[in-house]
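As structure tokens, the structure follows; a few thoughts come after it.
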Amino acid sequence: VEEVLTDGRRIITFRNGTKKEISADKRMTTISFFNGDVKKIMPDQRVIYYYADAQATHTAYPEGLEVLQFPNNQIGTHELVNVNYMSGNVFVVKVLSELNSSRFSFFLPICFVFAF
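Add 892 to the 1-based position in the sequence shown for my numbering, that's all there is to it.
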């Protein structure tokens, strides 16, 4: 079922209870899933996903940075980094970082994703 509000927003309600709201200018979309999860696509193309069961928020930025925030205030990041060698080889590395605000510890496992 689609509903157009007087302010121009559109709300689409699906059979399973999921609702998709599109702003009047079509620059922001919010999807409220039947299980309580919420996905927001922002005007700057950030994607913010809230996992209701885990009470965690995942924010993906257009340049590739991903930030995870957990209910205990623990924050982790995922980022793709290019490593260029003089030989011409390029490796794309996914860096996974975990910053624990209570202990100020930093964890950096690195895995190679692509080689060109």
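Glycine included, C-beta positions come from ideal geometry on N, C-alpha and C.
Quick caveat, the model's predicted, so the values are computed rather than measured.
{"Query": "Beta-bridge partners of Ala944, as assigned by DSSP", "Result": "Answer by DSSP bridge pairing: none, since Ala944 is not bridged."}
{"Query": "Arg907 - DSSP class collapsed to helix/strand/coil", "Result": "coil"}
{"Query": "Nearest candidate by alpha-carbon position, reference Thr910, set Lys918, Glu894, Gln961 and Val939", "Result": "Glu894"}
{"Query": "From Pro963, Gly900, Gly928 and Thr951, residue whose alpha carbon lies closest to that of Met934", "Result": "Thr951"}
{"Query": "Thr922: first and last residue of the uninterrupted beta strand (DSSP E) it sits in", "Result": "Thr921 to Ser924"}
{"Query": "Residues that Leu960 bridges to, as DSSP identifies them", "Result": "His950 and Gly968"}
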